[in-house]
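The opening position of the sequence shown corresponds to residue 0 in numbering that gives the first Met the number 0, with each subsequent residue numbered one higher. Virtual Cβ for every residue (Gly too), placed ideally from N, Cα, C. I have placed the structure first, in the form of structure tokens, so that the comments after it can refer back to it.
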Amino acid sequence: MQTAISHSIDLHCHSVYSDGSLTLDELLDHVAEHGVRTLAITDHDSVGIHHELAKRSLKETSAVKVIGGVEISCGFGNREVHIVGLNIDTAEAGLTQFLTAQQARRRERLLAYAHKLEQLKLSGVVEAVEQLTAEAVTRTHLSQILVQLGHVPDSQRAFKRYIGRKARAYIPMQWPSLDEVVGVIRGAGGVAVIAHPGRYQLSRKQLTELLDQFVQAGGQAIELSYPNYDQALNRWLAEQAAEKGLLASQGSDFHNPEWRWVKPGHFPKRPKNVEPVWQLWDENPTAD
Ligand code: AMP
Ligand code: MN
Ligand code: MN
Ligand code: MN
Numbered sequence: 000m001q002t003a004i005s006h007s008i009d010l011h012c013h014s015v016y017s018d019g020s021l022t023l024d025e026l027l028d029h030v031a032e033h034g035v036r037t038l039a040i041t042d043h044d045s046v047g048i049h050h051e052l053a054k055r056s057l058k059e060t061s062a063v064k065v066i067g068g069v070e071i072s073c074g075f076g077n078r079e080v081h082i083v084g085l086n087i088d089t090a091e092a093g094l095t096q097f098l099t100a101q102q103a104r105r106r107e108r109l110l111a112y113a114h115k116l117e118q119l120k121l122s123g124v125v126e127a128v129e130q131l132t133a134e135a136v137t138r139t140h141l142s143q144i145l146v147q148l149g150h151v152p153d154s155q156r157a158f159k160r161y162i163g164r165k166a167r168a169y170i171p172m173q174w175p176s177l178d179e180v181v182g183v184i185r186g187a188g189g190v191a192v193i194a195h196p197g198r199y200q201l202s203r204k205q206l207t208e209l210l211d212q213f214v215q216a217g218g219q220a221i222e223l224s225y226p227n228y229d230q231a232l233n234r235w236l237a238e239q240a241a242e243k244g245l246l247a248s249q250g251s252d253f254h255n256p257e258w259r260w261v262k263p264g265h266f267p268k269r270p271k272n273v274e275p276v277w278q279l280w281d282e283n284p285t286a287d
């Protein structure tokens, strides 16, 4: 296992607008307590938190510098990958339209899950899903509902028994293509980043295809520092990134203080053979 060290730049995390547990103020306080000074808030298919932030007066803003961000789910063959958009214009019209459609798809899919689960005699799920208030609803919410209703002892078990990729109530999703997603991020003036590449269980051949297609589509960076990756695979990815001219991003993918194994700003060091992605928008970066 690699050692997590504390970083001041964290470019991947979630809030109550998707499947994180913290509101804007709680999130900014919490990451500051962990030494984070620059934070990209990257909710699944939502930039609502950035609209909330934009409404604040300057006096109210905290010591943490916030970067506009989002994490978009997309299709890759018959698999799913996550693309983070960094330094985006969160008010851009094409992005807004895209995310509105993505949020509607997510609601429909969660309701379909709820009906399927009720057919499996798990009661109360439809009603609970209808009451969700997050802008982008996810399977994390569904897993929490199953725990609250007493159908499973914990979220992990909800994924394993019912809603995970190999579980009995799994519903595959028709996500937009990688090309479309990278295009939307670039259209909003942002940098597209492949999120947590080690978590998709793709072979090196499939990862090579992903990297090539991503570069072709206009993608510019890849996360090479995040909690719990395979070291050998990551070294290989860093070499590939350097060869293909991709930049390196880093982030905790923080969701919830109760998930004790993930802390804001805590992940291993970035590989030294790849340039940091923030050089694209920050001319004088402080230590990372
Ligand atoms: P969705 O985008 O609706 O498919 O939900 C995906 C989210 O569910 C991810 O971002 C994770 O936060 C969470 N998730 C996915 N798989 C698991 C798992 N096996 N255990 C716990 N959480 C998971
Ligand atoms: Mn999530
Ligand atoms: Mn993700
Ligand atoms: Mn994430």
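Separation of residue j from residue i, as counted between CA atoms
| i | j | result |
| --- | --- | --- |
| residue 171 | residue 180 | 18 Å |
| residue 192 | residue 221 | 5 Å |
| residue 286 | residue 7 | 7 Å |
| residue 62 | residue 119 | 49 Å |
| residue 67 | residue 247 | 17 Å |
| residue 249 | residue 224 | 5 Å |
| residue 98 | residue 137 | 14 Å |
| residue 145 | residue 27 | 29 Å |
| residue 273 | residue 245 | 8 Å |
| residue 5 | residue 196 | 21 Å |
| residue 31 | residue 218 | 30 Å |
Rounded Cβ spacing between residue i and residue j (contact assumed at less than 8 Å)
| i | j | result |
| --- | --- | --- |
| residue 184 | residue 40 | Between residue 40 and residue 184 the Cβ distance is about 15 Å, and since that is not below 8 Å, they are no contact. |
| residue 33 | residue 267 | So it is not a contact: roughly 16 Å between Cβ atoms. |
| residue 276 | residue 190 | 6 Å |
| residue 121 | residue 140 | Not really, about 15 Å apart at Cβ, beyond 8 Å. |
| residue 42 | residue 135 | 6 Å |
| residue 88 | residue 188 | 5 Å |
| residue 73 | residue 202 | Their Cβ separation, rounded to whole angstroms, is 19 Å, which puts residue 73 and residue 202 out of contact at 8 Å. |
| residue 35 | residue 18 | The Cβ separation is near 20 Å, so there is no contact. |
| residue 206 | residue 80 | Actually they are not in contact, since the Cβ atoms of residue 206 and residue 80 sit about 10 Å apart, beyond 8 Å. |
Identity of the residue in the options nearest residue i by Cα
| i | options | result |
| --- | --- | --- |
| residue 226 | 42, 53, 253 | 253 |
| residue 113 | 87, 96, 86, 157 | 157 |
| residue 288 | 154, 186, 169, 273 | Only positions 0 to 287 of the chain appear in the structure, and residue 288 is not among them; the question remains open. |
| residue 173 | 265, 90, 75 | 75 |
| residue 295 | 90, 37, 70 | Absent from the structure is residue 295, since the part of the chain shown begins at 0 and ends at 287. |
| residue 256 | 5, 1, 4, 14 | 14 |
Beta-ladder partner(s) of residue i, from DSSP
| i | result |
| --- | --- |
| residue 64 | 37 |
Under 7 Å, CB to nearest heavy atom of ligand 4: contacting residues: 11, 13, 41, 43, 70, 81, 194, 252
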